[in-house]
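J.: Take 14 as the starting number for the sequence shown in the working numbering and just add one per residue. Once you've had a glance at the structure underneath, I'll fire off some questions.
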Amino acid sequence: MSSHNEEEDLGDMLFGVDEEERAEQQEIQIREWRRANTAKLGYRAAYRAATEKKDYVPPEFLRKIVKDNGDLNGKRLKSERKLCVGMLQYMPLALYKLLEAMPMPWEETRYVDVVYHVGGVLTLVDDTPTVVEPLYTAQWGTTWTKMRTQKVELLREGGAFRRAVHKGDENVPPLDYGDYLMDLEPPPALQDDMDEDEDNAAIADWFYDPFPRLVSPNQIRGPRRPNGYYFTLDVIDALYRQASVILPSIEDRSFFYLWDLNSFYAAKAMYLSIPRGPKFQPPPEVSQAQVDEDWTEFNDLRRVIHRDDPRKPLFSMLTERQIAFPFLYSNTIEHVTTGPYHHPASSRVENEDPELPCFTFHPSLNPIKAVERKFAAQSETGDSVVCSASARQARARLGDFVPPADLAPFLGAAPLEDKGTKAALTLLFAPSPYNTFEGGMKRRVDIPLTDRWHCDPPDFIHVEEGADKSEIHHSYTQLLKQHVKRNLHRDAHKRVLEELADSDEAPRRIDRLANMRYFAKTKMDWLEAALQVMRQGHNMLVQLINMKGLPFVHINYNFEAKPTRTLTTKEIKKSRLGSTFHTIRELLGFIKRLVDMHVMYRLGRTDAMQLADAVHYLFNHAGTLTGIYQYKLRALRQVKMTKDIKHVLYNKFYVGGVPDGPGCGFWAPSWRVWVFFLRGMTPLLQRYLANLTDRVLRGREQKGKFEGKRITRQRAETDKDVNIKEAFRRELREMLPENVKESVIVTMDQHFNEAFRRWRKGATWAIPGLARPLEDLVKST
14 MSSHNEEEDL GDMLFGVDEE ERAEQQEIQI REWRRANTAK LGYRAAYRAA
64 TEKKDYVPPE FLRKIVKDNG DLNGKRLKSE RKLCVGMLQY MPLALYKLLE
114 AMPMPWEETR YVDVVYHVGG VLTLVDDTPT VVEPLYTAQW GTTWTKMRTQ
164 KVELLREGGA FRRAVHKGDE NVPPLDYGDY LMDLEPPPAL QDDMDEDEDN
214 AAIADWFYDP FPRLVSPNQI RGPRRPNGYY FTLDVIDALY RQASVILPSI
264 EDRSFFYLWD LNSFYAAKAM YLSIPRGPKF QPPPEVSQAQ VDEDWTEFND
314 LRRVIHRDDP RKPLFSMLTE RQIAFPFLYS NTIEHVTTGP YHHPASSRVE
364 NEDPELPCFT FHPSLNPIKA VERKFAAQSE TGDSVVCSAS ARQARARLGD
414 FVPPADLAPF LGAAPLEDKG TKAALTLLFA PSPYNTFEGG MKRRVDIPLT
464 DRWHCDPPDF IHVEEGADKS EIHHSYTQLL KQHVKRNLHR DAHKRVLEEL
514 ADSDEAPRRI DRLANMRYFA KTKMDWLEAA LQVMRQGHNM LVQLINMKGL
564 PFVHINYNFE AKPTRTLTTK EIKKSRLGST FHTIRELLGF IKRLVDMHVM
614 YRLGRTDAMQ LADAVHYLFN HAGTLTGIYQ YKLRALRQVK MTKDIKHVLY
664 NKFYVGGVPD GPGCGFWAPS WRVWVFFLRG MTPLLQRYLA NLTDRVLRGR
714 EQKGKFEGKR ITRQRAETDK DVNIKEAFRR ELREMLPENV KESVIVTMDQ
764 HFNEAFRRWR KGATWAIPGL ARPLEDLVKS T
């Protein structure tokens with residue numbers, strides 16, 4: 014029995030060895046086959062990878078195609094007209110990318126990457142500008158200073174700033190870039206003179222360059238940070254000095270007690286309102302529960318109610334105590350976050366005098382007076398009485414210690430400060446991103462320049478005389494409320510956002526289009542791409558109206574829909590194009606105003622200051638200059654937010670002798686609002702417009718089992734009559750031969766209608782000479 018088991022074990026071992034050898038041989042064969050196959054066919058994969066990457070086409074190709082297309086009139090452009098309507102769904106994406114990549118006030122021109130359809134019916138800006146945040150903020154800081162300086166100079170010279178909000182002629186198409194603008198030299202941009210100040214020597218040569226060349230070790234997208242930047246101390250100090258005019262001036266966190274995000278989160282969770290802070294209303298179910306709440310020991314009327322004067326916020330009120338100590342004073346503690354009790358006191362006083370050394374005694378601090386000793390030294394006896402026994406023993410062990418003559422403090426010979434100590438200490442307490450030497454690149458639209466302005470406590474909000482104080486405080490409160498909601502939503506979805514960032518990103522819509530064989534790439538001026546998008550958008554709307562058969566509706570070149578004559582009631586109903594059509598029309602009109610302002614600047618009719626002021630006016634008055642809120646009510650949020658931003662901006666701009674009136678071109682905060690609005694609206698509008706164009710090009714899809722109109726109660730009788738007549742015709746076709754069908758069916762149809770009418774009246778029907786089978790068929794039906 015044992016010998017039999019040993020034979021089986023030996024067989025299993027041999028079988029296992031054979032399996033291992035067979036597996037190794039298979040792996041060797043697979044590697045050899047792959048090596049041979051790669052050597053034979055590998056060039057195909059390399060050729061495919063080389064050919065899939067499209068080369069940039071000269072912009073003259075696209076310019077010629079768009080100019081030849083014109084308004085898409087003529088028989089030869091019949092296919093382009095249908096294609097133009099089909100591309101309407103991508104117009105929101107084109108507007109969003111166009112607005113995102115617009116030139117800044119310090120840029121005369123801006124060249125962008127473009128993906129375009131080879132038929133010239135769609136132009137997409139494929140450029141997401143990424144910048145260095147300290148440099149970008151400093152550039153807007155110099156723009157702020159330049160505009161305020163020009164306002165003061167105009168006041169001294171006795172002049173006034175003239176606002177130039179241009180609107181193009183509604184009957185004139187957008188200008189052709191090659192004929193009117195290509196050979197013109199643009200006016201000088203809004204740039205500050207950096208060469209006059211020695212402190213800006215580190216940044217004067219490259220401050221406004223789109224692709225700056227830095228001196229090592231300074232670098233942007235260099236070997237140290239391939240997708241970031243690294244600056245030295247003198248560069249960061251110069252940038253911080255230029256940007257300090259728009260940066261927050263309060264960095265001591267003790268000033269923000271009960272005025273930070275955690276306090277506002279607690280107030281929102283408990284449905285309370287910090288005095289002079291944003292108010293968060295409870296949901297309806299909570300409000301009703303508070304109304305129906307029974308009397309408890311907290312709301313008993315027999316207890317003494319303590320109320321502080323809300324006009325004197327120096328005293329701690331009940332609401333502030335509930336937020337500071339929610340677990341002690343509040344009966345609602347769900348989702349409540351508590352902030353720190355206090356922050357370390359800051360004893361730093363900024364030294365702005367360049368003549369003073371870095372470490373000095375500031376006169377604002379309490380003076381330390383020299384006090385002379387006016388009493389006699391204590392005797393040994395008194396000392397021994399006062400001192401403890403351990404102190405007397407230690408003194409006895411030390412004896413009379415005499416320090417050596419060459420004794421000096423540690424690092425006493427080293428200088429207390431050098432050339433960069435003062436700047437380094439200033440940057441140590443500077444706000445982000447000026448407290449670091451390196452960082453990553455950011456998109457321009459993701460950099461908030463003024464988000465800290467409305468976060469200051471109310472005691473630090475300065476309102477000039479003559480200004481509407483209540484209006485300004487209301488704008489501050491509304492912006493702060495939006496800031497709290499935005500950060501609360503971001504913190505709640507932080508884990509989801511991190512998971513999305515770690516996951517594989519789906520290809521962008523522009524990348525999917527660019528990979529098609531019908532699209533090509535080029536690089537051109539932003540203004541030329543904008544003019545092409547305006548021409549293409551007008552063609553899309555006009556061709557859509559023509560396909561719907563609405564010749565009495567006219568879309569002018571400012572994208573305003575007007576009737577060509579007085580319409581009848583039926584024509585009015587037919588011309589209802591829907592909110593999606595009018596939303597994209599208003600957005601096109603909004604961007605058209607922006608493009609017209611840049612065209613006037615490039616033609617030399619306005620300067621860079623007037624252009625910046627006009628753009629700022631457009632972004633902050635979109636509610637009056639356009640009617641987008643009539644078709645998309647949610648746009649009122651953006652209209653109100655830009656209005657509040659304008660009030661806060663003017664409250665800080667028109668101070669220090671700067672006169673009121675037009676001339677403020679700081680449009681970056683309101684520009685971000687509309688870019689984010691278009692970014693959120695793009696996928697929605699794309700889906701809605703795709704449905705609209707599908708209905709126009711292919712017709713409506715029949716929903717349900719039966720084709721045609723549904724049989725309602727109103728159509729019931731008529732449907733019976735139609736079915737009877739159809740059944741009569743089918744039987745007639747089966748009876749008659751092929752050669753006599755058409756003529757006899759027309760005659761018998763008339764006989765059947767007459768017989769049907771007489772039957773409805775109750776009269777008899779008879780046709781002399783009619784064949785008996787046909788007469789029986791009519792009567793039986």
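Note that CB positions come from ideal geometry on N, CA and C, so glycine has one too.
#1: Once the 5 residues before and after residue 126 are set aside, which same chain residues still bring their CB inside 6 angstroms of it?
#2: Given this structure, state the Cα-to-Cα distance separating residue 365 from residue 254, to the nearest angstrom.
#3: Thinking C-beta only, is residue 448 closer than 8 angstroms to residue 438?
#4: To the nearest whole angstrom, what separates the beta carbons of residue 429 and residue 374, a pair I think is in contact under 8 angstroms?
#5: Excluding the five sequence neighbours on either side, which residues of its own chain have a C-beta within less than 7 angstroms of the C-beta of residue 285, listed in chain order?
#6: On the DSSP letters alone, give me the boundaries of the alpha helix (DSSP H) that residue 532 sits inside.
#7: Quick test of your reading: residue 705 and residue 562, contact by CB under 8 angstroms. State the CB separation rounded to the nearest angstrom.
#8: Within 8 angstroms, do at least three Cβ pairs link the region 289-297 to the region 484-498?
#9: List, from N- to C-terminal side, the beta strand (DSSP E) runs of 3 residues or more that fit wholly inside the region 233-306.
#10: Buried or exposed for residue 367, going by 16 or more other Cβ atoms inside 10 Å?
#11: Along the beta strand (DSSP E) that carries residue 574, what are the first and last residues, could you check?
#12: Alpha carbon to alpha carbon, how far is residue 585 from residue 718? Give it in angstroms, no decimals.
#13: Quick check: the Cα distance between residue 557 and residue 566, rounded to an integer number of angstroms?
#14: Measuring alpha carbon to alpha carbon, tell me which residue in 239, 213, 222 and 244 is nearest residue 228.
#15: What is the rounded straight-line gap between the Cα of residue 266 and the Cα of residue 486?
#16: Could you have a look at residue 323 and say whether DSSP puts it in helix, strand or coil?
#17: Among 420, 271, 424 and 280, which residue has its Cα nearest to the Cα of residue 353?
#18: By DSSP's criteria, residue 143 is part of a beta bridge. Which residues make up the other side?
#19: Classify residue 375 as helix, strand or coil using the three-state DSSP reduction.
#20: Can you tell me whether residue 780 is helix, strand or coil according to DSSP?
#21: Which residue wins for smallest C-alpha separation from residue 480, given the options 635, 672, 358 and 622?
#22: Find the nearest neighbour of residue 603 within the set 685, 112 and 40, judged by alpha-carbon distance.
#23: Let's test the definition: count the other Cβ atoms within 10 Å of the Cβ of residue 160 and tell me whether it reaches 16, buried, or not, exposed.
#24: Let me make sure I understand the geometry here. Which of 601, 620, 570 and 241 has the alpha-carbon closest to that of residue 640?
#25: Which residues mark the beginning and the end of the beta strand (DSSP E) in which residue 126 is found?
#26: Three or more C-beta pairs under 8 angstroms: does that hold for the region 621-633 against the region 665-681?
#27: How many angstroms separate the CA atom of residue 610 from the CA atom of residue 523?
#28: Rounded to whole angstroms, what is the Cα-Cα separation between residue 589 and residue 98?
#29: Using only the alpha-carbon positions, how far apart do residue 789 and residue 731 sit?
#30: What are the complete alpha helix (DSSP H) segments, minimum 4 residues, inside the region 619-657?
#31: Counting pairs of beta carbons, one from the region 500-511 and one from the region 40-53, are three or more of them closer than 8 angstroms?
#32: So the candidates are 283, 756, 222 and 659; which of them puts its Cα closest to the Cα of residue 204?
#33: State the DSSP-derived secondary structure class of residue 70, mapped to helix, strand or coil.
#34: Would you mind working out which of 700, 490 and 559 sits nearest residue 654, comparing C-alpha positions?
#35: Under the rule that 16 or more other beta-carbon atoms within 10 Å means buried, what is residue 549, buried or exposed?
T.: Reading from the atomic positions:
#1: 139, 140 and 536
#2: 11 angstroms
#3: no
#4: At roughly 14 angstroms, the Cβ-Cβ gap does not stay under 8 angstroms, so residue 429 and residue 374 are not in contact.
#5: 332, 335 and 336
#6: From DSSP, residue 532 is part of no alpha helix (DSSP H) but of the beta strand (DSSP E) over 532-538.
#7: With 8 angstroms as the limit, residue 705 and residue 562 do not qualify as a contact, their Cβ atoms being about 15 angstroms apart.
#8: yes
#9: 241-243
#10: exposed
#11: 574-576
#12: Reliability fails at residue 718, whose pLDDT of 47 lies under 50, so the model's placement of it is uncertain and no value is given.
#13: 11 angstroms
#14: 244
#15: 22 angstroms
#16: Model confidence at residue 323 stands at a pLDDT of 48, short of 50, so the residue's coordinates are unreliable; what they give is reported in the following sentence. Looking at residue 323 - three-state DSSP - the assignment turns out to be coil, as it is neither helix nor strand.
#17: 271
#18: 456
#19: coil
#20: coil
#21: 672
#22: 112
#23: buried
#24: 601
#25: 124-130
#26: yes
#27: 27 angstroms
#28: 18 angstroms
#29: 24 angstroms
#30: 621-633, 635-638 and 641-644
#31: no
#32: 222
#33: strand
#34: 490
#35: buried
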